[in-house]
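If you use this note's numbering, the sequence shown corresponds to residues 1320 to 1379, in order.
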Amino acid sequence: MQKITTCLWFDDQAEEAMNFYVSIFKNSKVLSVMRWPEGHGDEGKVLVTTFELDGVQFQA
């Protein structure tokens, strides 16, 4: 069981980075994408992503 999850910080490109990493590492997948809610100034933009790269979980 993984005890620590690495968090990668991106100002505007977390989703693009996540998709890139998932595309180059085998056995990888997107676990979730949380977006800013309706009515917020950044509505629809990514707030937090969770993904797995060869069995290791990351957040961005």
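Idealized CB from N, CA, C, for every residue including glycine.
Report task. Give the DSSP-derived three-state secondary structure of residue 1371 in the structure shown. Result -> strand
Query raised in the report: Nearest CA to the CA of residue 1338: which residue from 1357, 1375, 1352, 1330?
Result: The option with the nearest alpha carbon to residue 1338 is 1352.
Query raised in the report: So what does residue 1377 bridge to, in DSSP terms?
Result: 1325, 1370
Query raised in the report: Start and end of the alpha helix (DSSP H) containing residue 1342?
Result: That run of the alpha helix (DSSP H) goes 1333-1343.
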